[in-house]
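Below: one structure, written as C-alpha cells.
Numbering (the UniProt record's numbering), first residue to last: 1 to 665.
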C-alpha cells in the first residue's frame, strides 16, 4: 500500500505544485519498516509544517487527505474549532474507522472504557463512585446500549458510514466483541489496562477510572483537563499498538494511521499536543524501544523557529531543499540524528520560478518567450507565495488580455476602505495575509512597509514619531513576518509588502498618516546613524534621490571590488518606487536621468543604469523587458572601461542581460 499519487488538477486537492518533497517526507514518517517479515512501529515526532497565511498549509493537508482516502486510516481535525481533548480523541477514533481501507477496523477497548466512565455522573464518595463506574461498564456490555454510546462519538451524525457503506459505530462495537464468548461485548481488557497502563504500575483500575471521571468533569481546571487528556492519549496509543503490533493483521500494516491537524496555534491545540508528547514520553520511560503507529501531521501559522510548543523542548527548523536525498530514509535519518525530539518542524517553502512556469503551462495559453515572461512577471510579484500565485493565475485565466502589467489584474486598492469598514475585505493577493488584522494595526503596517526588515520597522515605530502604534506590538506579530532570503532578517512577505507600499504611495502629504517621502527620508537618515550606507541610499532612491545615489556609486566604482560593487548596486536599486509607468520603460529611464550632461562618463551611464535597474526591480512593472535589458547591457558596456580591475566582471554582466533580453519579448 502506498500514499497514492493522483492525476488531478491542483485545485482538486490531489496534487500541489511545489509540495511533492513534503509529501515524500510524510510518506517516510508514515512507513513501518519490516523486520523479520513483520512491519514494526518506530519512534515518531509530531511533523510540524510551518508557514505564513496563504502559504498553502490547509491545501497541503487537503492534498494529503486526498491521497490517504480509502488507502490508510486517517483523521483530519481543524484546530480552530477544537473542543476538549476527550472530544477530539473521540472524533479521531471515529474517523480512523470511517476513513480506513476496506473492511479493516481498529479496536479501541481502552479508550472507549475510559470514555464510558468519563461520561458518568459519579458520586463524590470514592467507594460509591467505584461501584457506579463498575455498574456503568457492566451496563455498556449490552450491545445496543454500547452501540448508542458509540454513535454519539461521531463528530457529524451524517457521516456514520464508511465509503464501503459500513456503519461506523458497528465497526467500533465489533472491535469490542469476543467471538469466543458468543459475540459478547468484553470491556475487561480495557478496564485492566488502567491498572498498569503499560508502565508497570500497580493501581486499582476503578480508582484510576474514577480519577479520570473527576478530571474530565471538573470545569475550568486546566490541570484536570491536562491530566485527563494525557491518560486518554495513553489509552488511545495503547489501543493502536495492540492493533498494529500484535497478530497477523497488524504485521501486514505497512503504514501508520495518520492524524492531520490544521492550525495548531490555539491553546486547545497546544494542550492536545502536549498530552500526546507526555503520553509518549511516559511509555518510552518504561519501554525504551516502544513506539506507536501514529503519524501526526500538523500545520502552524507562526514561524516556530525552534518549535517550542508544548514540551518546552526546541528543535531546529528544517528546510526541505537541504536534505541529501541519496541517503536511505533521509528525513527519518535526520530526525534520529537530531536526538528523536518530540517535534520535527519543517518550513513550507515558497514556489520557485520553474514551478510557477509549470502552473502557467497548465493555463494552456502561452509558449516560448511569452510563457517565460508571464512566469517571471508572476514570480517577481508573488515571490512564490502559493496563495498569491494562485490568485494571480486565476485572474489571468479569466481574462482574455495578455498580462503585460500586473497592475491591470489587481483590483483598485481597498485596504484603506477596509480600515473604515471592517466588512470590506483587503483586496486580492493580500487577503489571506491580512485576515483578522485590526484596522489600527493595518494602518501602522502600511507605514512600516517602507522598512526593508523588521529591525528597521522596529526603529521606525520606536523613534520616528511617524507611526501611531495604536496597535501596540501587534504590527510585529510573528505570523506577519517571515525569514528573509538572507536567512537572518525577518521581513514582510514580499507580495504583502508590495501591496502595502501601494497604499503608502497613495497617501497624500496632507493626510494625518505619514506619507511615502516622510517615511523613506526618515529611514534613510536613520541608516546614516546606523552606519549602513547601502540602507541609506536604498531609501534615498525610494525617495527619488537618484542623483545622489548615482554620484555615490560612481565614486565607488574604482575603490570597491567589482563583485561587491554589483552587490551594492543590486541592493540599492531593489528600492520600491512610486513612478508613473504610463511611459515606456526606455522613456522612463531617460526622463529619470535627463539631468546628466552628455559625455559625463561614467556618471551618466551609472545614472541610467540605476534608473533602469530600479524600474526592472518593480514587480508590478511592464513584463516585456527586451528593450530594458538591452539598455542595462549597454550601460554596463559604457561603465566597464572605468572599472579598472572590474572590466571583465562588468562585461560579463552586460552579456548576462543581453542573454536575458533574448528570452523575453
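Cβ atoms here follow ideal geometry from the backbone N, Cα and C, with glycine treated the same way.
Alpha-carbon spacing of residue i relative to residue j, whole angstroms
i           : j           : result
residue 422 : residue 432 : The pLDDT assigned to residue 422 is 44, lower than 50, so where the model puts this residue is not dependable, and the model offers no usable value.
residue 363 : residue 17  : 14 Å
residue 279 : residue 233 : 6 Å
residue 666 : residue 90  : The question about residue 666 has no answer, for the chain in this structure spans 1 to 665.
residue 374 : residue 352 : 14 Å
residue 152 : residue 289 : 36 Å
residue 181 : residue 142 : Residue confidence is low: residue 181 scores 49 on pLDDT, short of 50, so the model does not pin down where it sits. Its coordinate-derived value is still stated next. Rounded to whole angstroms, residue 181 to residue 142 spans 14 Å at the Cα level.
residue 150 : residue 176 : 11 Å
residue 192 : residue 205 : 6 Å
residue 113 : residue 482 : 46 Å
residue 307 : residue 258 : Note that residue 307 scores a pLDDT of 42, beneath 50, so its modelled location is shaky; the value from the coordinates is reported in the next line. Going by the C-alpha atoms only, they are around 21 Å apart.
residue 646 : residue 477 : 44 Å
residue 535 : residue 495 : 21 Å
residue 324 : residue 223 : 43 Å
residue 720 : residue 385 : Given that the chain is displayed from residue 1 to residue 665, the structure contains no residue 720 and the question cannot be resolved.
residue 544 : residue 266 : 45 Å
residue 74  : residue 95  : 7 Å
residue 531 : residue 445 : 25 Å
residue 167 : residue 161 : 5 Å
residue 275 : residue 457 : 38 Å
residue 489 : residue 512 : 30 Å
residue 339 : residue 228 : 28 Å
residue 533 : residue 539 : 10 Å
residue 663 : residue 369 : 5 Å
residue 287 : residue 277 : 15 Å
residue 565 : residue 558 : 9 Å
residue 88  : residue 148 : 19 Å
residue 86  : residue 246 : 26 Å
residue 549 : residue 54  : 36 Å
Where the beta strand (DSSP E) through residue i begins and ends
i           : result
residue 521 : Not the beta strand (DSSP E): residue 521 falls in the alpha helix (DSSP H), residues 516-529.
residue 300 : 294-300
residue 324 : Premise fails: residue 324 is in no beta strand (DSSP E) and is neither H nor E.
Beta carbon of residue i nearer than 7 Å to that of residue j
i           : j           : result
residue 607 : residue 596 : yes
residue 117 : residue 209 : yes
residue 28  : residue 332 : yes
residue 637 : residue 661 : no
residue 315 : residue 293 : no
residue 110 : residue 235 : yes
residue 256 : residue 295 : yes
residue 658 : residue 640 : no
residue 406 : residue 359 : no
residue 410 : residue 449 : no
residue 172 : residue 243 : no
residue 251 : residue 39  : yes
residue 377 : residue 623 : yes
residue 480 : residue 576 : no
residue 342 : residue 45  : yes
Beta-ladder partner(s) of residue i, from DSSP
i           : result
residue 345 : 48
residue 317 : Answer by DSSP bridge pairing: none, since residue 317 is not bridged.
residue 285 : For residue 285, which the question treats as bridged, DSSP gives no partner whatsoever.
residue 483 : 490
residue 38  : 35
residue 259 : 75, 296
residue 167 : 161
Residue i: first and last residue of the uninterrupted alpha helix (DSSP H) it sits in
i           : result
residue 79  : Counting along the chain, residue 79 falls outside any alpha helix (DSSP H), and DSSP gives it neither H nor E.
residue 93  : 85-98
residue 21  : 20-30
residue 454 : 454-463
residue 597 : Element bounds for residue 597: n/a, residue is neither H nor E.
residue 443 : 439-448
Whole-angstrom C-beta distance between residue j and residue i, which should lie under 8 Å
i           : j           : result
residue 379 : residue 396 : Incorrect: roughly 13 Å between the Cβ atoms, too far for contact.
residue 391 : residue 429 : 5 Å
residue 516 : residue 459 : Their Cβ separation, rounded to whole angstroms, is 18 Å, which puts residue 516 and residue 459 out of contact at 8 Å.
residue 591 : residue 522 : At roughly 27 Å, the Cβ-Cβ gap does not stay under 8 Å, so residue 591 and residue 522 are not in contact.
residue 47  : residue 26  : 7 Å
residue 253 : residue 32  : 6 Å
residue 122 : residue 132 : 5 Å
residue 319 : residue 347 : 6 Å
residue 387 : residue 83  : That belief does not hold up - the Cβ atoms of residue 387 and residue 83 are roughly 28 Å apart, past 8 Å.
residue 381 : residue 619 : 4 Å
Residue i: CB within 6 Å of a non-hydrogen atom of the ligand COA
i           : result
residue 516 : Among the components modelled here there is no ligand, and therefore nothing to report on the ligand COA.
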